[in-house]
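Peer 1: Supplied in structure tokens, the structure appears directly below.
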Amino acid sequence: MANYRVKIRKIEPVTHNVHAFTVDKPAGFSYVPGQATDLSIWKEGWKAEKRPFTFTSLPENETLEFTIKSYTDHDGVTNQLAFLKPGDLLEISDAWGAIAYEGIGVFLAGGAGVTPFIAILRNLYAQGKIGGNRLFFSNRTTKDIIGEAEFKKMLGENFFNLITDEPAPGFYQGRIDKSFLQQHIDHFDQPFYVCGPDAFTSSTLEALKALGAKPEALVFEK
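This is how it looks when you write it as structure tokens:
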């Protein structure tokens, strides 16, 4: 797998702890919406610290974009990314990943786990093929919601926000669990796309299987 050094062109805030990084796109570089890369910061002490991040740009864009949440509770890669500036260098690998679009279905995301779905849904929207896809997006607080306005624009009434850790009038309250899925999904013979923290992904997949979803229709990073 090849590696490429890319320069940061722009850094924009998305939420209080999430930023969109726009970087140069290597000549001939290709990927499919939903795929990721192994990324590291090109400075001493961090070059070997590679972490997976999803492309949130579209394959035809002239630049690459990553939408990344910074975790400041320890000095890891995402914390270091928060200190970078345009002109700094990153290293990325060829694209990889198992989250690929397999037809109209239900997207289930927990927090920053929504990032693989951003490029998929942007791509469908740009092609006029968003169809009846639905997104259920769980966050701790309203200030944690990534891309709320864009998801509303793309999905309309098929975008559902859940808030778990604070009262939030106008939002669904609670977690994505078996009871919630049973209440809001009318049939389980369709693709389900699942991404989030490990506990979220495993519990959601178990709930879907218990409700009759076919294992081959469950799309997630294995």
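Under the working numbering, the first residue of the sequence shown carries the number 489, and numbering increases by one thereafter.
Ideal Cβ positions, reconstructed from N, Cα and C, are used throughout, including at glycine.
A quick note: this is a predicted structure, and the numbers were derived from the prediction, not measured.
In three-state terms, what does DSSP make of Asn646?
Peer 2: Note: Asn646 maps to helix in three-state DSSP.
Peer 1: Would you report the Cα separation of Thr689 and Leu650, rounded to the nearest angstrom?
Peer 2: Their backbone Cα atoms lie some 16 Å apart in a straight line.
Peer 1: State the Cα-Cα distance for the pair Asp582 and Met489, rounded to the nearest angstrom.
Peer 2: Taking the straight line from one Cα to the other gives about 6 Å.
Peer 1: What are the start and end residues of the beta strand (DSSP E) that includes His507?
Peer 2: Looking at the DSSP string, the run of the beta strand (DSSP E) that includes His507 is 506 to 512.
Peer 1: Determine the contact status of Arg493 and Leu577, defining contact as a CB-CB distance below 8 Å.
Peer 2: Taking 8 Å as the Cβ cut-off, Arg493 and Leu577 qualify as a contacting pair.
Peer 1: Checking 8 Å against the spacing of the C-beta atoms, do Glu709 and Ala586 come in under that value?
Peer 2: The answer is yes: Cβ separation under 8 Å.
Peer 1: What three-state label does DSSP hand Thr652 in the structure shown?
Peer 2: Residue state, collapsed to three classes: coil.
Peer 1: On the three-state DSSP scale, how would you describe Asn611?
Peer 2: The answer is helix: DSSP assigns Asn611 an H, G or I state.
Peer 1: Please give me, in chain order, every unbroken run of the alpha helix (DSSP H) with length at least 4 that falls completely inside the region 495 to 580.
Peer 2: For the region 495 to 580, whole alpha helix (DSSP H) runs of length 4 or above, ordered along the chain, are 565 to 569.
Peer 1: Which residues does DSSP pair with Ala597 in a beta bridge?
Peer 2: Phe625, Cys683.
Peer 1: Determine the burial state of Pro604: buried for a count of at least 16 other Cβ atoms within 10 Å of its Cβ, exposed for fewer.
Peer 2: With 16 or more Cβ atoms within 10 Å of its Cβ, Pro604 is classed as buried.
Peer 1: Please report the distance separating the alpha-carbon of Phe680 from that of Gly593.
Peer 2: Rounded to whole angstroms, Phe680 to Gly593 spans 6 Å at the Cα level.
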